[in-house]
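Note sheet for the following structure.
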Amino acid sequence: MTATVAVTARGAARWRAGHPWIYRTDVSPTRAPAGVVRVTAGSGRFLGQALLSPASEIRLRFLTREDAALGPDWWAGRIASALARRSGLSGRTSAFRVVHGEGDGLPSLVIDRYGDYVVAQLLSAGLEAHRADVLEAIGTVLAPKAVLLRNDASVRRHERLPLAIEDAASRVPDEIEVFEDGIRFFVFPRTGQKTGAFLDQRDNRVRLQGLAAGRALDVFTYQGLFALHMARRASTVLAVDSSAAALEAARRNGGLNSGSPVEWREGNAFDLLRALERDGQRFDTIVLDPPAFAKTRSAIPRALAGYKEINLRAMRLLAPGGTLFTASCSFHVGRELFLRMLAEAAADSGRSIVLCEITGQAADHPELVTVPETGYLKGAFLVARD
Ligand code: SAH
Numbered sequence: 004m005t006a007t008v009a010v011t012a013r014g015a016a017r018w019r020a021g022h023p024w025i026y027r028t029d030v031s032p033t034r035a036p037a038g039v040v041r042v043t044a045g046s047g048r049f050l051g052q053a054l055l056s057p058a059s060e061i062r063l064r065f066l067t068r069e070d071a072a073l074g075p076d077w078w079a080g081r082i083a084s085a086l087a088r089r090s091g092l093s094g095r096t097s098a099f100r101v102v103h104g105e106g107d108g109l110p111s112l113v114i115d116r117y118g119d120y121v122v123a124q125l126l127s128a129g130l131e132a133h134r135a136d137v138l139e140a141i142g143t144v145l146a147p148k149a150v151l152l153r154n155d156a157s158v159r160r161h162e163r164l165p166l167a168i169e170d171a172a173s174r175v176p177d178e179i180e181v182f183e184d185g186i187r188f189f190v191f192p193r194t195g196q197k198t199g200a201f202l203d204q205r206d207n208r209v210r211l212q213g214l215a216a217g218r219a220l221d222v223f224t225y226q227g228l229f230a231l232h233m234a235r236r237a238s239t240v241l242a243v244d245s246s247a248a249a250l251e252a253a254r255r256n257g258g259l260n261s262g263s264p265v266e267w268r269e270g271n272a273f274d275l276l277r278a279l280e281r282d283g284q285r286f287d288t289i290v291l292d293p294p295a296f297a298k299t300r301s302a303i304p305r306a307l308a309g310y311k312e313i314n315l316r317a318m319r320l321l322a323p324g325g326t327l328f329t330a331s332c333s334f335h336v337g338r339e340l341f342l343r344m345l346a347e348a349a350a351d352s353g354r355s356i357v358l359c360e361i362t363g364q365a366a367d368h369p370e371l372v373t374v375p376e377t378g379y380l381k382g383a384f385l386v387a388r389d
């Protein structure tokens, strides 16, 4: 028998407003174990079914408004719907996100496909309780050769879940070769960041492949993807990262692709940008894709100072007419703060900077308007007028 849990009027209103998370203080005390529960209002009116995480501040994550049995078929149905929404990607890339958690109506579940393999993350205690059903559903819908669980994401600590990287069904290889709009690269599902790659920047990388020109600079290159896309059109590319291991992978990725020469340089982005500016260097195309500088709300002021510094220097390095693509993946720095930071950087740069386009994460990372947490990546295409 599925347990029943009551929520406050505030909790019920939140779900009505389209947000699936109900916090601890809006859930009546329960001894029910982690997993699916029925949820009612204080009045006893049925509201839906949710994943219960007994130790988490996010106590409930709504899955349905219906009272149907949630077995492997139900999970397979939701995953199949998510897959169908990605059908436009077929032939363009062999690496994409099949399920983006709340954005696909499957809170705390991430499923990424890399060629014949799947890398998944179960990010709540409620979901972890249904691991077997979820894995069965992945097998049914995606028929991968093997599934790896990258359950080493630190958010699992809030759920009192262990951090682990586990082969769920057969063994996923240490490296998988995939492609993205004509660019080939290796993904390292066990050791790479996130589930192995930054799939969320795909659309922005593809855009850069179309408009890169002249001398290009890729700052925070990781395993070289923006650089390799730009090398299709630019005459030379300088790509920078502080991680020697990431650059080693980038070099190997370079060997899989033709294109203009790329110089892979190890270094600190802040120092490098300062040195390039001091030397009076100019670039026609620049990418700035830093890691999240603001991991918490209290880190916002320092993060904004960091973002402003690198953007200001990149703007000064632009040749007249040159393009800068700049991004921030800090959830806590929203669109408005990001644009204000860019305005301040532009003002201080002494250049006339045109905002051509504001972008976000790739379409396989859907951002629900009612769930702000599903969106985190902001990008801007800027051009120096003179
Ligand atoms: N553009 C990449 C993703 C970048 S992730 C892609 O599309 O796949 C951010 C990268 O910034 C990581 O590789 C990390 O090693 C690097 N990094 C972090 N701090 C840095 C610093 N101060 N200087 C240079 N690189 C840095």
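The letter at position 43 of the sequence shown is residue 46 when you use this note's numbering, and the numbering goes up by one with no holes. Virtual Cβ for every residue (Gly too), placed ideally from N, Cα, C.
**Cβ shell of residue 3 (< 8 Å), same chain only, five flanking positions each side left out** = There is no way to answer for residue 3, as the model of the chain reaches only from 4 to 389.
**Prompt:** Whole beta strand (DSSP E) runs in the segment 260-338 with 3 or more residues, listed along the chain?
**Reply:** Correct list: 265-269, 286-291 and 321-331.
**Message:** Taking only three categories from DSSP, how would you classify residue 372?
**Reply:** Counted from its first residue, the sequence shown places residue 372 at position 369. Under the three-state reduction of DSSP, residue 372 is assigned to coil, being neither helix nor strand.
**Prompt:** Going by beta carbon distance, what residues of the same chain come within less than 6 Å of residue 61, once the five residues before and after it are set aside?
**Reply:** Sequence index remark: in the sequence shown, residue 61 carries index 58 (1-based). If we look at residue 61 and ignore the five residues flanking it on each side, its Cβ neighbours are 24.
**Message:** If distances are taken between C-alpha atoms only, which option among 15, 79, 59 and 28 comes closest to residue 52?
**Reply:** For the purposes of this step, residue 52 is identified with residue 49 of the sequence shown, where counting begins at 1. With distances taken between Cα atoms, residue 52 lies closest to 15.
**Message:** Going by the DSSP bridge assignment, what does residue 41 pair with across the sheet?
**Reply:** As a first step, residue 41 is located in the sequence shown; it is residue number 38 there, counting from the start. BP columns for residue 41 point to 7 and 52.
**Message:** Tell me the residue span of the alpha helix (DSSP H) that contains residue 217.
**Reply:** Your numbering for residue 217 matches position 214 in the sequence shown. Taken as a continuous stretch (DSSP letters only), residue 217 belongs to no alpha helix (DSSP H), as it is neither H nor E.
**Request:** For the alpha helix (DSSP H) containing residue 143, list its first residue and its last residue.
**Result:** As a working note, residue 143 is residue 140 in the sequence shown. Segment 134-145, the alpha helix (DSSP H) holding residue 143.
**Asked** Are there 16 or more other CB atoms within 10 angstroms of the CB of residue 316, so buried, or fewer, so exposed?
**Response** Mapped onto the sequence shown, residue 316 falls at position 313. In the assembly as shown, residue 316 is a buried residue. Its beta-carbon has 16 or more other beta-carbons within 10 Å.
**Item:** Member of 326, 143 and 366 whose CA lies at the smallest distance from the CA of residue 91
**Value:** In the sequence shown, the residue the question calls residue 91 occupies position 88. Comparing Cα positions, the closest option is 366.
**Prompt:** By how many angstroms is the C-alpha of residue 191 removed from the C-alpha of residue 124?
**Reply:** For this step, residue 124 is matched to residue 121 along the sequence shown. For this step, residue 191 is matched to residue 188 along the sequence shown. Residue 124 and residue 191: Cα-Cα distance of roughly 15 Å.
**Asked** For residue 96, does the three-state DSSP call read helix, strand or coil?
**Response** On the sequence shown, position 93 is the one that residue 96 refers to. The answer is strand: DSSP assigns residue 96 an E or B state.
**Asked** Taking one C-beta from the segment 179-191 and one from the segment 248-261 each time, how about it: are there three or more such pairs within less than 8 Å?
**Response** A contact exists between the segment 179-191 and the segment 248-261.
**At least three beta-carbon pairs within less than 8 Å, the segment 235-252 to the segment 266-278** = With three or more CB-CB distances shorter than 8 Å, the segment 235-252 counts as touching the segment 266-278.
**Message:** Between the segment 273-285 and the segment 309-328, can you find at least three pairs of beta-carbon atoms closer than 8 Å?
**Reply:** A contact exists between the segment 309-328 and the segment 273-285.
**Request:** Taking all protein chains shown into account, decide if residue 147 is buried (16 or more other Cβ within 10 angstroms of its Cβ) or exposed.
**Result:** By 1-based counting over the sequence shown, the position of residue 147 is 144. Answer is buried; the Cβ neighbour count reaches 16.
**Asked** What are the residues that DSSP puts in a beta bridge with residue 154?
**Response** Stepping through the sequence shown from its first residue, residue 154 is reached at position 151. As a beta-bridge residue in DSSP terms, residue 154 pairs with 167.
**Prompt:** When the Cα atoms are used, what is the spatial distance from residue 33 to residue 43?
**Reply:** The residue you call residue 33 lines up with position 30 of the sequence shown. The residue you call residue 43 lines up with position 40 of the sequence shown. Residue 33 and residue 43 have their alpha carbons spaced roughly 13 Å apart.
**Prompt:** Which same chain residues, not among the five before or five after residue 374, have their C-beta less than 6 Å away from its C-beta?
**Reply:** As a position in the sequence shown, residue 374 is number 371, starting the count at 1. If you ignore the 5 residues before and after residue 374, its C-beta comes within less than 6 Å of the C-beta of 22 and 105, all in its own chain and listed in chain order.
**Prompt:** Between residue 2 and residue 170, what straight-line distance do the alpha-carbon atoms span, to the nearest angstrom?
**Reply:** With the chain running from 4 to 389 in the structure shown, residue 2 is simply not present.
**Any non-hydrogen atom of the ligand SAH within 7 Å of residue 294 CB** = On the sequence shown, position 291 is the one that residue 294 refers to. Checking the Cβ of residue 294 against the ligand SAH gives yes.
**Message:** On the CB-based measure, 16 or more other CB atoms within 10 Å of its CB, does residue 381 come out buried or exposed?
**Reply:** Counting from 1 along the sequence shown, the entry for residue 381 is found at position 378. Buried, since its Cβ has 16 or more Cβ neighbours within 10 Å.
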